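Asker: Handing you a structure now.
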Amino acid sequence: MIGQQVTDALNLQMNREFFNARLYLAMAAYFESLSLEGAAHWMQLQSEEETGHAMRIYDHLRERGARIRLTGVEAPPVEWESPLAAFEAAYEHECKVTGEFDEHVALATAEKDNATLIFLQWFVTEQVEEEASVDSVVQKLRMAKESPGALFAIDRMLGQRGAE
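Throughout the sequence shown, residue numbering follows the working numbering, covering 447 to 610 in sequence.
Next up, the structure:
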């Protein structure tokens, strides 16, 4: 049986993941407005991935017989200073999400909820990949500085991201 504290924490995280999906979709729309279709594509796939994360938590709660609670989802920002600023915001956000999952692991450990602890390990691994992926783009954009040609090349690279 899943405890109430773990249930509440996972419900909160599920709703956060729905916010994350909207955040990345807002970033996709921002990149579309700049005619950076590759970055928009990258962010749209990221949005879909975050929705998948929310549904993974939903399914875990359902399988454990927990009450699932959907809440309102806050509106994300819609503008950033630059493409670099948008990806830096994405990186900072992923670091925050990593901390959230670390807290859930600590709670599951304290509650001796081994099923949830094992479940959360997937997210811990995923967050390492998420941070590295976004940081790689940030580093490339920092090297590109104000070079339109470099930005075009990075955008093209981002457009090649496949669904995961």
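Virtual Cβ for every residue (Gly too), placed ideally from N, Cα, C. It should be emphasised that the depicted structure is a prediction, and the values quoted were computed from it without experimental measurement.
By Cβ distance, which residues of its chain are closer than 8 Å to L563, with the 5 residues on each side in sequence left out?
Answerer: V551, A554, T555
Asker: Using only the alpha-carbon positions, how far apart do Y470 and Q492 sit?
Answerer: 6 Å
Asker: What does the Cβ neighbour count give for R515, buried or exposed, with the cut at 16 atoms within 10 Å?
Answerer: Classification for R515: exposed.
Asker: To the nearest whole angstrom, what separates the beta carbons of E494 and E463, a pair I think is in contact under 8 Å?
Answerer: The Cβ separation is near 12 Å, so there is no contact.
Asker: In angstroms, rounded to a whole number, what distance separates the CA positions of A532 and L587?
Answerer: 11 Å
Asker: To the nearest angstrom, how far is the alpha carbon of C541 from that of E478?
Answerer: 25 Å
Asker: By alpha-carbon positions, which one of A485, R468, E520 ends up nearest to G605?
Answerer: A485
Asker: Could you compute how far the alpha carbon of E523 sits from the alpha carbon of Y537?
Answerer: Residue identity differs from the one stated: residue 523 is Pro in this sequence, not Glu. Cα-Cα distance, rounded: 15 Å.
Asker: Given that a residue counts as buried once 16 or more other Cβ atoms are within 10 Å of its Cβ, and exposed if not, what is D559?
Answerer: buried
Asker: Apart from the five residues just before and just after N466, which ones in its own chain have a Cβ nearer than 6 Å to its Cβ?
Answerer: E496
Asker: State buried or exposed for W488, treating a residue as buried only when at least 16 other CB atoms are found within 10 Å of its CB.
Answerer: When all chains shown are included, W488 counts as buried.
Asker: When the Cα atoms are used, what is the spatial distance from E557 to T571?
Answerer: A straight-line Cα-Cα distance of about 21 Å links E557 and T571.
Asker: Thinking N461 and V519 are a contact (beta carbons under 8 Å), I'd like their distance in whole angstroms, please.
Answerer: 7 Å
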